[in-house]
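Numbering (this note's numbering), first residue to last: 9 to 217.
We treat Cβ as the ideally placed atom computed from N, Cα and C, and that holds for glycine.
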């Protein structure tokens, strides 16, 4: 359904028209990643190489409603932040599946890159460059009132030349104004900031390792 203000709205899904993906132009290729909430595939959209994230819908009505709300929240946040250290958002659709399309990054995850270097260590200059990339991505999110909540090497993807890292996966992200409700699904335990283990509200000052 198209609204007069140029937005599309289907239940909780609300997206500016320019970001609405036509699934007929999507070609889904091999799977390149999988998490608890979604699978990611390499593919094409209108002859552009892309990453296609397909969200698990859930089984029960409660699970489905929760997944749809999470999907709508992730899409809304992706559509309003742009930065060279964030994977470029291309668009999304809700039917026939909940799909998020972003640029395809071919350098692999930071985790795989670091493992591939063993037993060598990461060059100091490269490490500093990656640290700056991550800090700039987080600064951009925080300037828009967004807390990522799942910063870890698996969610940092290298560009094809392996000189830059970009942050991906906003599935657990929240707006800072809603942090008083952030007591569940607060990211990957191993990489959580200590503040996440408490029930008190937390915000931008919660540093993520």
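Counting along the chain, where does the alpha helix (DSSP H) carrying residue i start and finish?
| i | result |
| --- | --- |
| residue 134 | 132-151 |
| residue 122 | 118-125 |
With a threshold of 16 other CB atoms inside 10 Å of the CB of residue i, please say whether the residue is buried or exposed.
| i | result |
| --- | --- |
| residue 78 | buried |
| residue 33 | exposed |
| residue 117 | buried |
| residue 80 | buried |
| residue 165 | buried |
| residue 218 | Given a span of 9 to 217 for the chain in the structure shown, any question on residue 218 remains unanswerable. |
| residue 125 | exposed |
Looking at the unbroken beta strand (DSSP E) that takes in residue i, where does it start and where does it end?
| i | result |
| --- | --- |
| residue 176 | Premise fails: residue 176 is in no beta strand (DSSP E) and is neither H nor E. |
| residue 110 | 107-111 |
| residue 166 | 164-166 |
Where residue i and residue j are concerned, what is the direct C-alpha to C-alpha distance, given to the nearest angstrom?
| i | j | result |
| --- | --- | --- |
| residue 181 | residue 129 | 31 Å |
| residue 119 | residue 159 | 12 Å |
| residue 56 | residue 27 | 15 Å |
| residue 121 | residue 167 | 11 Å |
| residue 48 | residue 162 | 13 Å |
| residue 127 | residue 150 | 35 Å |
| residue 189 | residue 45 | Since pLDDT at residue 189 reaches only 48, below the 50 mark, its modelled position is unreliable, and the value read off the structure follows with that caveat. Approximately 20 Å, taken between the alpha carbons. |
Which whole runs of the alpha helix (DSSP H) in the segment 41-104 are 4 residues long or more, in chain order?
The DSSP assignment places 69-87 as complete runs of the alpha helix (DSSP H) inside the segment 41-104, in order along the chain (cut-off: 4 residues).
Do the segment 173-187 and the segment 93-103 touch if we need at least three Cβ pairs shorter than 8 Å?
As far as the Cβ criterion goes, the segment 173-187 touches the segment 93-103, which means the pair count is three or higher.
Sufficient close CB pairs (3 or more, under 8 Å) joining the segment 104-114 to the segment 124-141
Three or more beta-carbon pairs separated by less than 8 Å are not found between the segment 104-114 and the segment 124-141, which leaves the two stretches without contact.
Using 8 Å as the Cβ pair cut-off and three pairs as the minimum, do the segment 143-154 and the segment 83-90 touch?
Verdict: yes, contact present.
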